[in-house]
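Just below is one structure, and these are the notes that go with it.
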Amino acid sequence: MEKRFDLGLQRMQQYLYPLMACFTVNRINAMRLLQYQHLQCSIQRDPHGGPPRILLEIKYKFAKKYMRVTQANTFPLPEIIYDPSLMLSPHTFLLGILFHNNAFRAPGTKSMEDLRRFTLSRQLKIFGKITGFKWSLFTHRFRYGGGTILNESGLISDAKQNLIMKHANIRTFLNHYLPRRINTDMQALIRGLKPDSAMMRAVTRMGRWIDRRRPRELTDTQKTTVEHDPELQKAIRKRDTFSKKLQRSQKKTGRKLNKLDKLKREEFDEEQAVLDIKRQLADTAILDKEAKEQLQIKE
1 MEKRFDLGLQ RMQQYLYPLM ACFTVNRINA MRLLQYQHLQ CSIQRDPHGG
51 PPRILLEIKY KFAKKYMRVT QANTFPLPEI IYDPSLMLSP HTFLLGILFH
101 NNAFRAPGTK SMEDLRRFTL SRQLKIFGKI TGFKWSLFTH RFRYGGGTIL
151 NESGLISDAK QNLIMKHANI RTFLNHYLPR RINTDMQALI RGLKPDSAMM
201 RAVTRMGRWI DRRRPRELTD TQKTTVEHDP ELQKAIRKRD TFSKKLQRSQ
251 KKTGRKLNKL DKLKREEFDE EQAVLDIKRQ LADTAILDKE AKEQLQIKE
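Residue numbers for the sequence shown follow full-length UniProt numbering, beginning at 1 and rising by one.
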């Protein structure tokens with residue numbers, strides 16, 4: 001057993017979020033804040049004459065703001081009839097969650113619990129190690145991959161790509177998303193040969209470096225070597241020294257505050273007694289607001 005889930009629902013959520021990240025190239029925060037009110041499920045007629053198809057429409061209301069303005073994008077995801085892989089169908093997992101929570105019948109159910117940040121990110125990292133990836137697997141990799149596919153498809157304009165990815169201009173994609181590992185067959189291109197696109201995809205994808213023999217956890221011996229690292233020990237000693245100084249400072253501050261509090265209380269008893277006598281002699285004691293409140297308390 002490589003990975004165990006406490007609840008079956010967690011497994012469905014863990015599959016669903018990466019799928020939505022791939023198909024909508026949205027940031028993980030936008031997906032984590034999704035509620036039932038942002039989902040619409042309907043049955044649509046197939047224009048090709050096939051059986052009616054389920055259409056899921058997802059509105060990402062909490063996307064990244066630009067110039068403090070957010071325009072929610074809605075992504076329609078039609079069902080793929082005879083889908084060769086149900087594991088790649090968001091309908092399978094999203095509808096499963098909706099049915100599990102009786103979302104179509106219970107009027108009081110408006111939202112589902114957010115998937116915690118640490119749970120999603122930590123589990124993706126674990127899955128990456130189990131798979132044997134050379135590099136860490138994190139949620140934004142789906143956005144990188146989806147954005148690259150959009151850019152290379154030739155089916156959308158730069159303006160529509162910016163709209164989908166919530167970028168101010170195409171420069172953001174070029175600077176931060178475009179892979180630096182060139183997947184163009186430059187040798188064939190320069191020599192006038194037919195580019196081997198399949199080979200270039202194979203040698204530039206993450207799967208090229210998958211090796212399940214890659215170690216996933218440190219051994220106890222390896223952990224011990226880290227604990228005895230001189231730099232770490234120096235940092236620990238410095239931390240302990242500062243901690244002791246902080247404790248002494250807090251104790252000293254506490255003693256000073258207690259001493260000042262005791263002094264002020266003693267001064268109050270002496271000074272207030274003199275003030276009360278003066279007010280009584282001047283026949284103004286009862287006119288004093290504080291004196292009235294004190295008399296009410298005693299009564």
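Beta carbons: idealized from backbone N, C-alpha and C, even for Gly.
Secondary structure of residue i, DSSP reduced to three states
i, result
"residue 197", "helix"
"residue 131", "helix"
"residue 149", "helix"
"residue 40", "strand"
"residue 278", "helix"
"residue 162", "helix"
"residue 18", "helix"
"residue 76", "strand"
"residue 33", "coil"
"residue 53", "strand"
"residue 58", "strand"
"residue 108", "For residue 108, the pLDDT reaches just 47, beneath the cut-off of 50, and the residue's location in the model is therefore unreliable, although a value from the coordinates is still provided. Reduced to three states, the DSSP call for residue 108 is coil."
"residue 91", "helix"
"residue 172", "helix"
"residue 27", "coil"
"residue 96", "helix"
"residue 144", "helix"
"residue 45", "coil"
"residue 103", "coil"
"residue 81", "coil"
"residue 155", "coil"
"residue 137", "coil"
Whole-Å CB distance - residue i paired with residue j, under 8 Å assumed
i, j, result
"residue 44", "residue 55", "5 Å"
"residue 30", "residue 139", "Not quite, the Cβ-Cβ distance comes to about 11 Å (not below 8 Å), so this is no contact."
"residue 188", "residue 195", "5 Å"
"residue 199", "residue 183", "That pair is no contact at about 10 Å."
"residue 9", "residue 97", "7 Å"
"residue 23", "residue 86", "No, residue 23 and residue 86 are not in contact; Cβ-Cβ is about 15 Å, not under 8 Å."
Candidates the options, of which the one nearest residue i by Cα
i, options, result
"residue 41", "181, 95, 124, 251", "95"
"residue 49", "81, 230, 197", "81"
"residue 143", "51, 167, 238, 227", "167"
"residue 207", "165, 136, 23", "136"
"residue 164", "197, 27, 232", "27"
"residue 38", "75, 221, 83", "75"
"residue 89", "18, 269, 122", "18"
"residue 13", "270, 92, 53, 77", "92"
"residue 152", "268, 47, 197", "197"
"residue 133", "267, 211, 242, 141", "211"
"residue 33", "52, 59, 11", "59"
"residue 101", "123, 36, 78, 159", "36"
"residue 204", "221, 193, 185", "185"
"residue 141", "239, 124, 46", "124"
8 Å Cβ cutoff, residue i in contact with chain D
i, result
"residue 252", "The structure shown has no chain D; it contains just one protein chain."
Pairs of beta-carbons, one from the region 129-149 and one from the region 208-218, closer than 8 Å: are there three or more? yes
Contained alpha helix (DSSP H) runs [length at least 4] in the region 176-264, N- to C-terminal order: 186-191, 197-204, 220-227
Whether or not the region 173-182 and the region 140-156 are in contact is what I'm after, with contact meaning three or more pairs of Cβ atoms, one per stretch, closer than 8 Å; do they touch? yes
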